[in-house]
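> The structure under discussion is supplied below as structure tokens; questions concerning it will follow.
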Amino acid sequence: MASYTLPAHLRNLTQHLQLDEQVQLNIPGIWITGRTTASQQSEQQKGQDEQSTQSRSTTCDIVLTNQRLLGYAHIRFPRERLFLESFPLNMLKAVSLRQKSHEPLFHELLISDGQRRAYIRSSRPKIEQLYEALRTSNTPLTADTTQPTPTSQEETPETSAEQPSLPATVYGRQDIRRPFDQSPLGITILFIGGLLLEILGVILWSVTQSPEIGIPLCIAGFVGVIAATTQRRRHRM
Numbered sequence: 021m022a023s024y025t026l027p028a029h030l031r032n033l034t035q036h037l038q039l040d041e042q043v044q045l046n047i048p049g050i051w052i053t054g055r056t057t058a059s060q061q062s063e064q065q066k067g068q069d070e071q072s073t074q075s076r077s078t079t080c081d082i083v084l085t086n087q088r089l090l091g092y093a094h095i096r097f098p099r100e101r102l103f104l105e106s107f108p109l110n111m112l113k114a115v116s117l118r119q120k121s122h123e124p125l126f127h128e129l130l131i132s133d134g135q136r137r138a139y140i141r142s143s144r145p146k147i148e149q150l151y152e153a154l155r156t157s158n159t160p161l162t163a164d165t166t167q168p169t170p171t172s173q174e175e176t177p178e179t180s181a182e183q184p185s186l187p188a189t190v191y192g193r194q195d196i197r198r199p200f201d202q203s204p205l206g207i208t209i210l211f212i213g214g215l216l217l218e219i220l221g222v223i224l225w226s227v228t229q230s231p232e233i234g235i236p237l238c239i240a241g242f243v244g245v246i247a248a249t250t251q252r253r254r255h256r257m
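Everything in the sequence shown is counted per the working numbering, starting at 21 for the first residue and increasing by one.
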């Protein structure tokens, strides 16, 4: 495989790479992390779109190496800080490409090692590229692939018990459907529409000097903003 040329803004990443680790791909994206609980794992298997209230999102570079999948960002202004999270490829339990209804711009990749999970969001072509690259590079590994095969027949049963194969990563695709009014696009439209109605109501009230015209629009806009805010909070829970 030809050597991968790192972009200039990723030069410092080499300080955090492990021995013999080589970058194979990087894409811009959003890294959303949250710890998986038992109840969240059962919901995840049902294809539900709920994330931990303790999750946080970071705009960063998504970097795939021959050993790990990393989220990396080195920010220098207004203060210097480093974001670096990683998943070893041989520890991944599940990789799921999630397509949500009413979200045409972004697709989402869910990765989990059984204890942690992360959602990676980027444009559809980039997520598809990352998904295929993961499937290609993440070959099932054994617990120790470097030990020689035993020559003694007496050691065979014990050796096989001591060298169990790591479970293969499960790959899949999810089509997550939700009502339009519960989607981020629908919530945004409702919020902006409510603000516009409030502004229009105030303008008409001041121009016509008629509360009967302006007040209903202000009330309708206020209700729209409150409904959008409530729906957004429910979406984040």
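Glycine included, each C-beta is placed from N, C-alpha and C at the ideal position.
1) Specify the secondary structure class of leucine 45 as computed by DSSP and reduced to three states.
2) Would you mind reading off the limits of the alpha helix (DSSP H) that contains glycine 213?
3) How about isoleucine 52 and tyrosine 139: are their beta carbons less than 8 angstroms apart?
4) Examine the Cβ distances between the region 23 to 39 and the region 131 to 145 and report whether three or more of them are shorter than 8 angstroms.
5) Rounding to the nearest angstrom, what Cα-Cα distance links proline 98 and glycine 244 in this structure?
6) Would you check if the distance between the CB atom of leucine 237 and the CB atom of leucine 215 is smaller than 8 angstroms?
7) Between which two residues does the beta strand (DSSP E) containing glutamine 35 stretch?
8) What beta strand (DSSP E) runs, 3 residues minimum, are completely inside the region 107 to 159?
9) Going straight from the alpha carbon of glutamine 87 to that of serine 143, what length do you get?
10) Write down the C-beta distance between leucine 117 and histidine 127 rounded to the nearest angstrom, noting that I regard them as a contact closer than 8 angstroms.
11) If we call anything under 8 angstroms between Cβ atoms a contact, is glycine 192 one with glycine 221?
12) Taking C-alpha atoms, which residue in Ile246, Leu154, Lys146 and Glu152 lies nearest to glycine 213?
13) Between the beta-carbon of leucine 26 and the beta-carbon of leucine 89, is there less than 8 angstroms?
14) Provide the residue(s) that pair with phenylalanine 103 in DSSP beta bridges, ordered along the chain.
Quick look at the numbers:
1) Strand, per DSSP.
2) Counted as a single uninterrupted DSSP element, the alpha helix (DSSP H) harbouring glycine 213 occupies residues 204 to 228.
3) It is a contact, given that the beta carbons lie within the stated cut-off.
4) Contact between the region 23 to 39 and the region 131 to 145 is absent: fewer than three C-beta pairs spanning the two stretches fall below 8 angstroms.
5) Whole-angstrom Cα-Cα distance: 36 angstroms.
6) No, Cβ-Cβ distance for leucine 237 and leucine 215 is not below 8 angstroms.
7) Element bounds for glutamine 35: n/a, residue is neither H nor E.
8) For secondary structure counted as the beta strand (DSSP E) over 3 or more consecutive residues, the region 107 to 159 holds these complete runs in sequence order: 114 to 120, 126 to 132 and 136 to 143.
9) Near 24 angstroms, if we compare the C-alpha coordinates of serine 143 and glutamine 87.
10) Contact between leucine 117 and histidine 127 is confirmed by a C-beta separation of about 7 angstroms, below the 8 angstroms threshold.
11) Pairing glycine 192 with glycine 221 gives a Cβ-Cβ distance that is not under 8 angstroms.
12) Comparing Cα positions, the closest option is Ile246.
13) Going by C-beta atoms, leucine 26 is not nearer than 8 angstroms to leucine 89.
14) Ala93, per the DSSP bridge assignment.
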